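Remarks on the structure that follows.
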Amino acid sequence: QIILICFLGYSLMFLVSSGFLALGTVF
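Numbering (my numbering), first residue to last: 223 to 249.
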């Protein structure tokens with residue numbers, strides 16, 4: 223269960239960072 227939580231947190235952080243990169247590229 224702990225591994226699953228860490229994986230979800232890592233994927234969420236990756237999505238947020240990629241989203242900020244996309245916004246930085248657009249603007």
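From the three backbone atoms N, C-alpha and C, an ideal C-beta is built for every residue, glycine too.
All values reported here derive from a predicted model rather than from experimental measurement.
Got a sec, what are the start and stop residues for the alpha helix (DSSP H) residue i sits in?
i    : result
F236 : 224-248
Would you report the Cα separation of residue i and residue j, rounded to the nearest angstrom?
i    : j    : result
I224 : L230 : 10 Å
S233 : L226 : 11 Å
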